[in-house]
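The opening position of the sequence shown corresponds to residue 2 in the numbering used here, with each subsequent residue numbered one higher. The beta-carbon is built from N, C-alpha and C at its ideal position, and this holds for glycine as well. Shown next, in structure tokens, is the structure this report addresses.
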Amino acid sequence: MCYDLADGEHVSASLDEDQIRALEVIYWPGGVSVSVNGDFAVFDQQGNKLHDLWGG
Numbered sequence: 002m003c004y005d006l007a008d009g010e011h012v013s014a015s016l017d018e019d020q021i022r023a024l025e026v027i028y029w030p031g032g033v034s035v036s037v038n039g040d041f042a043v044f045d046q047q048g049n050k051l052h053d054l055w056g057g
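Have a look at this one:
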């Protein structure tokens, strides 16, 4: 899933303890890639759920 964010905007993900231990984050100027095992939800900066995602 891709999200276009303006300056100052962010998203967050709700992860459990096991997912956090296996979390892989790769970033570069202007982008980020996050790899997570299992199901998780993504929220906008106001706390609204954007998507339920499945990380395998």
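Rounded C-alpha distance that separates residue i from residue j
i          : j          : result
residue 38 : residue 16 : 10 Å
residue 31 : residue 5  : 10 Å
residue 24 : residue 55 : 14 Å
DSSP-derived helix/strand/coil call for residue i
i          : result
residue 23 : helix
Contact under 8 Å by Cβ, residue i with residue j
i          : j          : result
residue 41 : residue 20 : yes
residue 12 : residue 26 : no
residue 10 : residue 46 : yes
Cβ-heavy atom distance, residue i to the ligand ZN, below 7 Å
i          : result
residue 18 : This structure simply doesn't include the ligand ZN, nor any ligand for that matter.
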